[in-house]
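All residue numbers for the sequence shown refer to our numbering, where the first residue is 448 and numbers rise by one. Every residue gets a Cβ at the ideal spot worked out from N, C-alpha and C, and that includes glycine. Note that this is a predicted model, so its numbers are computed, not measured. Below is one structure, written out as structure tokens; comments come after it.
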Amino acid sequence: MSSALATPDVVVDPKPLPDKTPDIAQRSQAGGKAARYVGSAAWRIAKPSIAIAIFLGIWEAAPRLGLVDKVFLPPFTEVVSAFFTLAENGQLQEHVSASLTRALTGFFVAIAIAIPLGIAIAWYRPVSDFLNPILELFRNTAALALLPVFVLILGIGEESKIALVIYACTFPILLNTISGVRTVDPLLIKSAASLGFSSIRLFQKVVLPAAVPTIFTGIRMAAASSILVLIAAEMVGAKAGLGYLITASQLNFQIPNMYAGIVAISLLGLTINAILVLIERRLSRWRVTT
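Structure below.
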């Protein structure tokens, strides 16, 4: 008699495969957001460039179409060629270095003078009452109007140019520092004082951080003024500098070189402003941006 060993049937209950549709949808949504972000960032970068490209296109086309005389307004490509020629032979670096040294020297001296003085005027009423009349007198006097005075007193060398830059840069920084300190929220000052902050800590932790945006507005205005005033001073009397390059090129009828100097001034101003904006953002990280 044979016996068979019966084994029970094993029933496998297959698990349903996970539905990947939500993951695909989420990835697609994330990809769409990333694409929109990249597109938005690209548009923010490209949008300011459109107006510049149109301007440069008109500059290039107008002389070639005979709308203006090519002798007095050469095409932009010729100006670019002259720019690189000056850069290759070292003349551009020499003139930029001379102008930048003068401008930065006067600019930093003005910062060292104007910010402490502005804080003192804004914070201490007796100092304000004493200095306001003389400040009102000089801040309404154009810097270039005093160029002959600086030349007569300091001579035609570097001192008069740096002194003119200091004068032109001081008042934008000074006035904005005064405004920034005076417009700090009084509630912040009272709160810090109630917490036992000393005067130094109060300035360090409350007043100066709150005044930084306004102060940097004045600093950026002063940076632009330093370049503009210096170029005008170099046109009057200098042996090197962008102002000298522009004037000498005009007198020698090297018109593309003249426009190359003007382009160099624009690039220099844009670079300085971009650096100051980055520093301002670094010092104003506490601000909530919308």
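Whole angstroms is fine: what's the gap from residue i's alpha carbon to residue j's?
i, j, result
"leucine 714", "serine 673", "14 Å"
"threonine 552", "asparagine 704", "26 Å"
"valine 631", "lysine 637", "11 Å"
"threonine 737", "valine 596", "The pLDDT assigned to threonine 737 is 47, lower than 50, so where the model puts this residue is not dependable, and the model offers no usable value."
"leucine 539", "proline 573", "49 Å"
"phenylalanine 618", "leucine 594", "16 Å"
"valine 654", "valine 628", "6 Å"
"leucine 689", "proline 522", "21 Å"
"alanine 489", "isoleucine 497", "12 Å"
"isoleucine 678", "glycine 513", "31 Å"
"asparagine 536", "phenylalanine 530", "10 Å"
"glutamine 651", "leucine 635", "13 Å"
"leucine 649", "alanine 567", "14 Å"
"alanine 500", "phenylalanine 519", "21 Å"
"glutamate 727", "leucine 698", "41 Å"
"alanine 695", "arginine 729", "41 Å"
"glutamate 541", "alanine 687", "7 Å"
"leucine 547", "proline 660", "25 Å"
"leucine 493", "glycine 504", "The question names leucine, but residue 493 is alanine in the sequence shown. Going from the Cα of alanine 493 to the Cα of glycine 504 covers about 16 Å."
"isoleucine 666", "isoleucine 560", "12 Å"
"isoleucine 709", "leucine 675", "11 Å"
"serine 642", "serine 731", "One point to set straight first is that residue 642 is leucine, not serine, in the sequence displayed. Approximately 23 Å, taken between the alpha carbons."
"alanine 575", "phenylalanine 644", "It should be pointed out that residue 575 corresponds to serine in this sequence rather than to alanine. Going by the C-alpha atoms only, they are around 24 Å apart."
"proline 495", "isoleucine 702", "28 Å"
Let me confirm a value: residue i is counted as buried when at least 16 other C-beta atoms fall within 10 Å, else exposed. Which label applies?
i, result
"tyrosine 571", "exposed"
"alanine 592", "exposed"
"alanine 663", "In the sequence as presented, alanine is not what sits at residue 663; that position holds phenylalanine. Buried."
"leucine 452", "Low local confidence applies: a pLDDT of 46 at leucine 452 is under 50, so the model's placement there is unreliable, and no value is given."
"alanine 721", "exposed"
"valine 457", "Below a pLDDT of 50, predicted positions are generally treated as unreliable, and valine 457, at 49, falls in that range; no measurement from the model is reported."
"glycine 604", "exposed"
"lysine 608", "buried"
"leucine 533", "buried"
"leucine 611", "buried"
"alanine 589", "exposed"
List the endpoints of the continuous alpha helix (DSSP H) containing residue i.
i, result
"valine 527", "523-535"
"valine 710", "702-730"
"alanine 695", "689-698"
"asparagine 587", "From DSSP, asparagine 587 is part of no alpha helix (DSSP H); its letter is neither H nor E."
"leucine 520", "Careful: leucine 520 lies outside any alpha helix (DSSP H) and carries neither H nor E."
"glycine 553", "538-570"
"leucine 599", "594-601"
Give me, in chain order, the residues of the same chain whose beta-carbon lies closer than 6 Å to that of residue i; leave out the 5 immediate sequence neighbours on both sides.
i, result
"leucine 565", "Checking the displayed sequence, the identity of residue 565 turns out to be glycine instead of leucine. So the qualifying residues of the chain are Leu621, Thr624 and Ile625."
"arginine 586", "Phe618"
"isoleucine 719", "Ala670"
"tyrosine 691", "Glu681 and Ala685"
"tryptophan 506", "Phe523"
"tyrosine 706", "Val526"
"alanine 639", "Leu649 and Val653"
"alanine 569", "Ile625, Val628 and Arg629"
Looking only at its chain, what residues have a beta carbon closer than 7 Å to the beta carbon of residue i, apart from the 5 residues adjacent to it on each side?
i, result
"isoleucine 807", "In this structure the chain extends from 448 to 737, so residue 807 is not present and cannot be described."
"cysteine 616", "Gly553, Phe554, Ala557, Ala669, Ser672 and Ser673"
"serine 449", "Because serine 449 carries a pLDDT of 45, less than 50, the predicted location of this residue cannot be relied on, and no value is offered for it."
"valine 515", "Ala509"
"glutamate 583", "none"
Whole alpha helix (DSSP H) runs in the stretch 629-686 with 4 or more residues, listed along the chain? 633-641, 646-649 and 655-683
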